[in-house]
Amino acid sequence: MNNGDTEGTIHVTYALQPSGYPKRRGPHCNIFIVGHQLRTLINTGVYINIIAQDILKTVPFQPVLLPTSTQVFTYGSSTLLPLVGVFTTEIQHESQSTHAKVYVTKDGPRRLLSV
Numbered sequence: 011m012n013n014g015d016t017e018g019t020i021h022v023t024y025a026l027q028p029s030g031y032p033k034r035r036g037p038h039c040n041i042f043i044v045g046h047q048l049r050t051l052i053n054t055g056v057y058i059n060i061i062a063q064d065i066l067k068t069v070p071f072q073p074v075l076l077p078t079s080t081q082v083f084t085y086g087s088s089t090l091l092p093l094v095g096v097f098t099t100e101i102q103h104e105s106q107s108t109h110a111k112v113y114v115t116k117d118g119p120r121r122l123l124s125v
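Its first residue numbered 11, the sequence shown is counted upward by one per residue in this note's numbering.
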């Protein structure tokens, strides 16, 4: 899991589709973020952790979002992903855990975990 210590311009190489769209294949896992279990796509080509704002709203504990100057683009696009903010949290998977930054998008990737 990437600890997210990245600022600047980032190109996201893969993203999950909103619910209702066909599911994309790829490695998934269940993680705990802000103490809440979420299913996420694992992507070794991504440098940051991303969660959509509407999914974050389902988490019982709402983290404080900090502003970010990071610019995020999906692969091959010149359109910025609209970021709402960033927070730091413990991310757990099985017996491993790390503290990492998670960027919150208004639209775009649903849950994307970098490794």
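Here a beta-carbon is modelled for each residue, glycine too, at the ideal position from N, C-alpha and C. None of the values given here were measured: they were computed from a predicted structure.
May I have the straight-line CA-CA distance separating residue i from residue j, to the nearest angstrom?
i, j, result
"L76", "H103", "25 Å"
"T80", "S105", "30 Å"
"T78", "G95", "6 Å"
"P70", "H46", "8 Å"
"I101", "Q72", "15 Å"
"L91", "I65", "16 Å"
"S87", "F97", "25 Å"
"L48", "P37", "14 Å"
"G107", "K116", "According to the sequence provided, residue 107 is Ser. The question's Gly does not apply to it. Rounded to whole angstroms, S107 to K116 spans 26 Å at the Cα level."
"V82", "L51", "18 Å"
"T68", "C39", "18 Å"
Can you tell me which of the three DSSP states residue i falls into?
i, result
"Q106", "strand"
"I61", "strand"
"L123", "Reliability fails at L123, whose pLDDT of 41 lies under 50, so the model's placement of it is uncertain and no value is given."
Report the partner residues of residue i according to the DSSP bridge assignment.
i, result
"T98", "K111"
"Q72", "DSSP, once it has assigned bridges, lists no residue as partnering Q72."
Using the beta-carbon count (16 or more within 10 Å), is residue i buried or exposed?
i, result
"V74", "exposed"
"Y31", "Any reading at Y31 must be qualified, since the residue scores a pLDDT of 38, below 50, and its modelled position is unreliable; no value is offered."
Any 3 or more C-beta pairs closer than 8 Å across the segment 109-116 and the segment 55-70
yes
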